[in-house]
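The C-terminal position of the sequence shown is numbered 1000 in the working numbering, with every residue numbered one higher than the one before it. For each residue, glycine too, the CB sits at the ideal point set by N, CA and C. See structure below.
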Amino acid sequence: MEFKNDLGKPWKFQDGDFTVIRSSVWSPPGCHPVGCGIKLYVDKDGRLDHVEGDENDPITQGRLCPRCVALKDYIYNPSRVIYPQKRAKEERGNADAWERCSWDEALDIIMDNWRRLTDEYGRETMAIFVGTGRDGMLSQDFQLSIFRTPNLAYTQSGYACYQPRMMSSQMVLGALYPELDYAGGLEGGYDDPEYCVPELMVLWGKMPLASNPDGFFGHAVIDLMKRGAKLVTIDPRVNWLATRSELQLRLRNGTDAALAMAMCNIIIKEDLYDHDFVERWTYGFDEFAERVAYMTPEDAARICEVPVEDIYTVARMYANAHPASIAWGLAFDQNTNGMQAGQCVLAMICMCGNLDVPGGNIVADLSMPEDITGDAASGQSEHNTDTRAFITEGWYQMTDEERDKCIGMDKYPLYCNQITGAQADCVLDTLETDEPYPIKMAWIANTNLIAPTNSAEPTRWHKALLRSIDFAFGTDCFITPTIQAVCDVFLPLSTVAEHDGVNRTHYGAASITTGCGNKAITVGEAKSDLEIYCMLAKRMAEMFPDDPKARFAYEKYPDYHDYLEKNRLEGRHVFNEVRELVKFKRKVYYKKYETGKLRPDGQPGFLTPTGRVELWSSAFANNGMDPLPYYYEPDLSPRIPEKTAEDLELKRNPLVPEELDAKWHERDLPHEEIMEKYPFIMSTGHRRYSSFHSEHRQVAVLRELDPNPMIEINPADAERIGVSDGQWVEISNMFGSAKFKARVMPTVGEGHVEVDHGWWFPEQDGSEPSLFGVWQSNCNDLIPEHHNNALGLGAPYKSACCNVVPLKESYDVDMAAFGEKFGKLV
175 MEFKNDLGKP
185 WKFQDGDFTV
195 IRSSVWSPPG
205 CHPVGCGIKL
215 YVDKDGRLDH
225 VEGDENDPIT
235 QGRLCPRCVA
245 LKDYIYNPSR
255 VIYPQKRAKE
265 ERGNADAWER
275 CSWDEALDII
285 MDNWRRLTDE
295 YGRETMAIFV
305 GTGRDGMLSQ
315 DFQLSIFRTP
325 NLAYTQSGYA
335 CYQPRMMSSQ
345 MVLGALYPEL
355 DYAGGLEGGY
365 DDPEYCVPEL
375 MVLWGKMPLA
385 SNPDGFFGHA
395 VIDLMKRGAK
405 LVTIDPRVNW
415 LATRSELQLR
425 LRNGTDAALA
435 MAMCNIIIKE
445 DLYDHDFVER
455 WTYGFDEFAE
465 RVAYMTPEDA
475 ARICEVPVED
485 IYTVARMYAN
495 AHPASIAWGL
505 AFDQNTNGMQ
515 AGQCVLAMIC
525 MCGNLDVPGG
535 NIVADLSMPE
545 DITGDAASGQ
555 SEHNTDTRAF
565 ITEGWYQMTD
575 EERDKCIGMD
585 KYPLYCNQIT
595 GAQADCVLDT
605 LETDEPYPIK
615 MAWIANTNLI
625 APTNSAEPTR
635 WHKALLRSID
645 FAFGTDCFIT
655 PTIQAVCDVF
665 LPLSTVAEHD
675 GVNRTHYGAA
685 SITTGCGNKA
695 ITVGEAKSDL
705 EIYCMLAKRM
715 AEMFPDDPKA
725 RFAYEKYPDY
735 HDYLEKNRLE
745 GRHVFNEVRE
755 LVKFKRKVYY
765 KKYETGKLRP
775 DGQPGFLTPT
785 GRVELWSSAF
795 ANNGMDPLPY
805 YYEPDLSPRI
815 PEKTAEDLEL
825 KRNPLVPEEL
835 DAKWHERDLP
845 HEEIMEKYPF
855 IMSTGHRRYS
865 SFHSEHRQVA
875 VLRELDPNPM
885 IEINPADAER
895 IGVSDGQWVE
905 ISNMFGSAKF
915 KARVMPTVGE
925 GHVEVDHGWW
935 FPEQDGSEPS
945 LFGVWQSNCN
955 DLIPEHHNNA
965 LGLGAPYKSA
975 CCNVVPLKES
985 YDVDMAAFGE
995 KFGKLV
């Protein structure tokens, strides 16, 4: 790790009556880990007065999103809970039953119930449900070390965010997914002599301005455009960046694999690829070329519903630009065929000579596992020898027998061992059936899973959790619908302004910067995720003083600063020394495959069985999948391509279940009947500036930006079904229904609707059955569970069928009343 002070400014200084703390933002509140530089202005009473962007931050250079600007309104929101709470199990769902308690009492209740339930059912009876982008999420090794349960689960169906792209890359490159290079790890930034501005950037299923996903600073795209880079957008929906693009391919949702295969076909057929790289560094090129030849650009045009000449144009633009980069996003994850699309995108990057070159796509340095997970990476085992991203200390403290009890291990062993946790769709089955054993205890760790944030069919999750869970506790800043419904103890989390921290970008898993979160204020008795982990670890050590494994977590990390230093800072540095740097860059090297930096043995090449980029993937083959890419129609798609998958000699999804419940009889309907009943393609999961998934709904200044949940619909469709702009509608399919306010606009194509996610209504009744109105606009009730690929990954969040009907009623929020309730800070 190379430390370099950004511009020599102190981390703490006086500005008139204010003490200014320079910090690096992570969470909570939720944010992806760009670690934006922020200045926290604290008054003489120790209260946060306002925030400003830190112009000295080497990446963000003073730029902040609205959520950071509104941090004060989040911290002092009148509905925030800043003391531990308890209630009787019989009072679950009763918003008025919570009672304040001490931290000691809350922890006593948790540990007493853990011992009672694990004595009867075993450690595996506890499930830890985690959320996204949180400081705590990337410390799951700590959570597992404390409780030694194999059942840590990210509850999104098919882990349809980030992980399918990661797995595709591991299968092809033996590395983690390569991301667009914006010079984030170079000392001179864009002006560094090593860097080259890309001639062309392709944004494929990604709108990074609103999301800054996975540590990728979205505004860098604009910076590079100002320096001459051209932009192409591949997305069904027109967004702000698309309007500034040279060309946009508005493909039909879920057809990315067909488009990617066709583009590879063009590049190979027209001899536009880098022969030297292909011959020296790839395996299976001939077989790959033969496979993608099945997908002609003309066939892809019919399937994707885009002009064939545009497919040719984009393929040629990319192949002829040097360097060029592809920023590929969530659309690849929220698609059961997305890993095959990812195979082709990786092939394009490699074939055209854009892998790990300045201005191309950089890949993480795997010769140094501490770059990803700290010294926890030393705990390798036979289960996982070809990746560092998900190796966790707690997972390998367990025996093989304990790990084999992980839910989903029998069906998806690669998923469970690579991600070191349970497969979410299988966990839902277990909650509903007690097979292979009952789940009786839950930790709702910073996830609002029944809100339409990640879980598919959240009404099923709600019922299953209430059916199965005997005791649950939750950690968050607010009482969410999930905590209100399920939990018996609530532990309040501190915000990023209230604790020290270290955030490391997982920018395509390449940790290009590390930032320190410097504590500025104290609010109530709220504590950070890591502080809570340390307290739980101490209780476990005291409960079993003669058990080395029970003592391990506490003895290694007695204080959360120990964790920061031993894990996030790799055991090489003291936090109080590096906090003064605030943000520091980590040197990025290029063409690491030539210098042995992608292999732990230091040999040139890639961490694959052949040592090459595997266009014919032996890893896919070894896990029972086709080693070459293929396309199949999205499940339940209300479309009839002119050529079917069978006509194209391509695959169908092999894992669509035949029987799950009574609803499934409709999945085998003829396309004509599906089109008649559910003629629209529904896409969800896009981001807005006013919220991070289901967070920030109670922050008045942000709610003013987006007061109501919206559905975007094309003007021609709106006219046909009788919907006017601003009218409420109901969307439905065979799985569920939800209500949204219509925004009639041409940014979505005919036959497509774009639906907001993450909605609940803090202004509504918090008790059951309302749970803050969580069921009113719950779009995920239209997304089925178990629509995953053969590895248990991917889900159809962006290609579900639905119908849209106008409503006479209005469900508009009363913003005057909302402001009165939530706008007065405490």
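Asked                                                                                                                                                                                : Found
Label Phe996 either buried or exposed according to how many other C-beta atoms from any shown protein chain fall within 10 Å of its C-beta, with 16 as the threshold for buried.     : buried
Thinking C-alpha only, which one of Pro612, Gln777, Lys998 and Lys759 is nearest Asp231?                                                                                             : Lys759
Is the CB-CB distance between Ala327 and Val601 below 8 Å?                                                                                                                           : yes
CB-CB under 7 Å to Met491, same chain, minus the five flanking residues each way: which ones, in chain order?                                                                        : Leu374 and Val406
Can you give the beta carbon distance from Asn628 to Gln330, rounded, assuming they're within the 8 Å contact cut?                                                                   : 4 Å
Are Lys972 and Gly595 closer than 8 Å when you measure CB to CB?                                                                                                                     : no
Should the region 857-877 be called in touch with the region 976-986, which here means at least 3 C-beta pairs below 8 Å?                                                            : no
Got a sec: does the ligand NAP put a non-hydrogen atom nearer than 7 Å to the Cβ of Pro232?                                                                                          : Looking at this structure, you won't find the ligand NAP or any other ligand, since it has none at all.
Can you confirm whether the region 335-352 touches the region 513-526 when touching is taken to mean that 3 or more C-beta pairs between the two stretches lie within less than 8 Å? : yes
What did DSSP end up calling Leu879 once you bin it into helix, strand or coil?                                                                                                      : coil
Taking only three categories from DSSP, how would you classify Thr688?                                                                                                               : strand
Rounded to the nearest angstrom, what separates Trp933 and Asp880 at their Cα positions?                                                                                             : 11 Å
Counting along the chain, where does the alpha helix (DSSP H) carrying Pro732 start and finish?                                                                                      : Element bounds for Pro732: n/a, residue is neither H nor E.
Tell me, to the nearest whole angstrom, how far the beta carbon of Ala916 is from that of Ala892; I am working on the premise that it is less than 8 Å.                              : 7 Å
Where does Pro853 sit, in a helix, a strand or coil, going by DSSP?                                                                                                                  : coil
Measuring straight from C-alpha to C-alpha, what distance separates Val670 and Ala515?                                                                                               : 37 Å
Among the residues of its own chain, which have a CB less than 6 Å from the CB of Phe564, if the five just before and after it don't count?                                          : In this prediction, Phe564 has a pLDDT of 34, which is less than 50 and means its spatial position is unreliable; nothing more can be read from the coordinates.
By the DSSP assignment, the beta strand (DSSP E) with Cys976 in it spans what residues?                                                                                              : Ala974 to Pro980
Could you check if Pro372 is buried or exposed, using at least 16 other CB atoms within 10 Å of its CB as the buried criterion?                                                      : buried
Who pairs with Gly648 in a beta bridge, going by DSSP?                                                                                                                               : Ile618 and Phe664
In the DSSP assignment, what are the bridge partners of Thr456?                                                                                                                      : Val787
For Ala912, which three-state DSSP category applies?                                                                                                                                 : strand
Could you tell me the alpha carbon to alpha carbon distance between Thr299 and Glu699, rounded to whole angstroms?                                                                   : 30 Å
Just checking my contact of Ala683 with Tyr351 at CB under 8 Å: how many whole Å lie between their CB atoms?                                                                         : 7 Å
What would DSSP say about Ile212, mapped onto helix, strand or coil?                                                                                                                 : strand
Would you list the residues sitting across from Tyr328 in a DSSP beta bridge?                                                                                                        : Val304
Is it right to say His449 is buried, meaning 16 or more other beta carbons lie within 10 angstroms of its own, or is it exposed?                                                     : exposed
Give the range of the alpha helix (DSSP H) segment to which Asp293 is assigned.                                                                                                      : Trp277 to Tyr295
Starting from Gly227, trace the beta strand (DSSP E) both ways and give me its first and last residue.                                                                               : Leu222 to Gly227
On the DSSP bridge list, what partners appear for His206?                                                                                                                            : None; His206 has no bridge partner.
Rounded to whole angstroms, what is the Cα-Cα separation between Thr193 and Glu229?                                                                                                  : 17 Å
Over the uninterrupted beta strand (DSSP E) stretch that includes Arg678, give me the two end residues.                                                                              : Gly675 to Arg678
From what residue to what residue does the alpha helix (DSSP H) around Arg401 run?                                                                                                   : No alpha helix (DSSP H) holds Arg401; DSSP gives it neither H nor E.
Can you give me the C-alpha to C-alpha distance between Thr633 and Gly204, rounded to a whole angstrom?                                                                              : 24 Å
Go through its chain and collect everything with a Cβ distance to Tyr356's Cβ below 6 Å, but skip five positions before and after it.                                                : Ala394
Glu453 to Ala646, Cα distance in whole Å?                                                                                                                                            : 56 Å
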